[in-house]
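Residue numbers (the numbering used here), protein chains in the order written: chain A, 838 to 1112; chain B, 204 to 502.
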């Protein structure tokens, strides 16, 4: 089930949209950053899988905060379009930093290969099950965080209305930094999960960004459970498309899904609420 | 090199029509460029058509693609439009890679005829190509300047600034949007056709989204909304790319992939810097102020 791997970055994307109100396409490069951070932790430093995932989360999260502060925040007042273009340019910059350091060759993690499981005649890769578990765990964690904790409530307040939230004494900038950390961190985890399933290279993030965006839009931008639902939906749609189209057209599925959704039901399946 | 500057200038002019004047972002530029290149290449290579006919076909088919794109993205907001148009250019590239029966797939199409190629020396061929490209740029620039100062140009700018107001004023906004997209796409298609005939070889992997970003950089740095800015920007970007090639000669210990990475990085970084510090570009759009005729006598 390829959709499961889209779920975690889609949650990050939706969360950032929900609070900051703009689709941050630089997610693509942070996904790649996380994947490579995990690679360095795993193949370079010999850390086990779980620790490497944590490293991926932290490194991508920090990169997200820094890149937002330095590049995107000053441009936010120039409007969403300029910010979107800057985010794409930022993705190019970060992707090439990775390419500079690691080159273009495909790399794999240093983990034992596991046999596919056979369940009722259907082959399921254990990695994909693990991805789904991580996705659901991330969803529950973020959901609970937003609904139960004070900081989560602050984030929802900022998502509703930054001006009113700051009147109440909530530091909007801090909330923005936090959501960038978590959102980009999740993207990094997603990158590592993709790498665990296949391999990684500087273009890992860019290849999936359209599908991640599609997952978030289909589920409803800003909705966390929507992101997971959307990811599974897009994953299923991509697999089904193989019945008619050549495998290379999978990205076209995401493209079509975004078009259809935004034209027919812009709110997405679960609507634009962060909880 | 100057020929490429001309091609980028041409593409920047196309982008200026749709973005600078009509206010709609199109990051799928390289998709129309690719469509134009393939149409002309196939027309001249497989159907044996003469080159001008190929270029004309490129214009038409690219314009049709532009109409399609405009129709399907009619309702999208600016930043969504950005990623959707980018997705469109990727779909074009994937189609070119996969429909081998049409496009030869990743092998590409080679041996595309060029104007008088083979009958003159390579240097003369380069000069001829430069002259042709320069002539096309001059024609398109002249047309664009006419458009800009015409009522049509004013409608486009009105749409850009606030399309609800333009609609209330009775302008058929949707129709104009489609038209602008089609014309802009057609210009990009012509640029693609010229590229194909100049370089004689095209392949899907050449048409990456990075090229669209180069064109955006060209227009933004040169001056969005200003046609001369588009031309200046095209020259700037090519100059920039060539100078990075020189600069990396000073860093001999880098491998080719690293050199390429540095170049792309600089392009991305430059775009961010221009957006941040001089978003109006080198030659900003000149706002023409019209003083209304006062019915009252000046006292």
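Note that the Cβ used here is the ideal one computed from N, Cα and C, for glycine as well. Remember, predicted model here, so these are calculated numbers, not experimental data.
Same chain, Cβ closer than 6 Å to residue i, five either side skipped, listed in chain order
i: residue 381 of chain B; result: 270, 273
i: residue 1029 of chain A; result: 871, 872, 875, 890, 893
i: residue 898 of chain A; result: 1018, 1021, 1022
i: residue 1051 of chain A; result: 1071, 1091, 1094, 1095
i: residue 217 of chain B; result: 387, 390, 391
i: residue 307 of chain B; result: none
i: residue 844 of chain A; result: 972, 1065, 1068
i: residue 316 of chain B; result: 247
i: residue 262 of chain B; result: 389, 392, 393
i: residue 285 of chain B; result: 228, 230
i: residue 964 of chain A; result: 1033, 1034
i: residue 481 of chain B; result: none
i: residue 222 of chain B; result: 228
Cβ shell of residue i (< 7 Å), same chain only, five flanking positions each side left out
i: residue 339 of chain B; result: 213, 393, 397
i: residue 869 of chain A; result: 932, 935, 1028, 1039, 1041, 1042
i: residue 296 of chain B; result: 237, 407, 410
i: residue 401 of chain B; result: 206, 317, 332
i: residue 1110 of chain A; result: Only weak support is given to the placement of residue 1110 of chain A: the predicted model assigns it a pLDDT of 48, under 50, and the question is left unresolved by the model.
Counterpart residues of residue i in DSSP-defined beta bridges
i: residue 334 of chain B; result: Residue 334 of chain B is not bridged to any residue.
i: residue 1037 of chain A; result: A:944
i: residue 970 of chain A; result: Beta-bridge pairing links residue 970 of chain A to no other residue.
Distance cut-off 8 Å: residue i Cβ against heavy atoms of the ligand ATP
i: residue 972 of chain A; result: No copy of the ligand ATP occurs in the structure displayed, which carries no ligand at all.
Where the alpha helix (DSSP H) containing residue i begins and where it ends
i: residue 1078 of chain A; result: 1061–1078
i: residue 304 of chain B; result: 303–306
i: residue 1029 of chain A; result: 1009–1034
i: residue 400 of chain B; result: 376–402
i: residue 459 of chain B; result: 459–480
i: residue 889 of chain A; result: 886–904
i: residue 936 of chain A; result: 917–939
i: residue 259 of chain B; result: 254–275
i: residue 997 of chain A; result: 987–997
i: residue 207 of chain B; result: 205–218
i: residue 241 of chain B; result: 232–248
i: residue 873 of chain A; result: 864–876
i: residue 1098 of chain A; result: 1087–1101
i: residue 420 of chain B; result: 412–425
Coil, strand or helix - residue i by DSSP
i: residue 851 of chain A; result: helix
i: residue 353 of chain B; result: coil
i: residue 313 of chain B; result: strand
i: residue 405 of chain B; result: strand
i: residue 282 of chain B; result: helix
i: residue 963 of chain A; result: helix
i: residue 1107 of chain A; result: coil
i: residue 505 of chain B; result: The structure shown does not extend to residue 505 of chain B, since chain B is modelled only from 204 through 502, so no value can be given for it.
i: residue 859 of chain A; result: coil
i: residue 1044 of chain A; result: helix
i: residue 1005 of chain A; result: coil
i: residue 984 of chain A; result: helix
i: residue 365 of chain B; result: coil
i: residue 431 of chain B; result: helix
Same chain, Cβ closer than 8 Å to residue i, five either side skipped, listed in chain order
i: residue 942 of chain A; result: 1038
i: residue 224 of chain B; result: 350, 351, 356, 359, 360, 363, 383, 428
Members of the region 906–918 of chain A that neighbour chain B once the beta carbon cut-off is set at 7 Å: 908, 911, 912, 915, 917, 918
In chain order, what residues of the region 284–299 of chain B put their CB closer than 9 Å to some CB of chain A? 284, 285, 286, 287, 289, 290, 291, 293, 294, 297, 298
For the region 1069–1089 of chain A, list every residue whose C-beta sits within 7 Å of some C-beta in chain B, in sequence order. 1083, 1085, 1086, 1088, 1089
Positions along the region 929–949 of chain A whose CB lies within less than 7 Å of some CB in chain B: 929, 930, 933, 934, 936, 937, 940, 941
Could you please tell me which residues of the region 433–463 of chain B, in chain order, have their CB closer than 7 Å to any CB of chain A? 460, 461
Note down, in chain order, all residues in the region 1017–1046 of chain A with a beta-carbon under 9 Å from any beta-carbon belonging to chain B. 1039, 1043, 1046
Residues of the region 843–873 of chain A whose Cβ lies closer than 9 Å to any Cβ of chain B, in chain order: 859, 860, 862
Closer than 9 Å between beta carbons: that is the criterion. Which residues of the region 405–429 of chain B meet it against chain A? 412, 413, 416, 419, 420, 423
Relative to chain A, which residues along the region 328–340 of chain B have a C-beta separation below 8 Å, given in chain order? none
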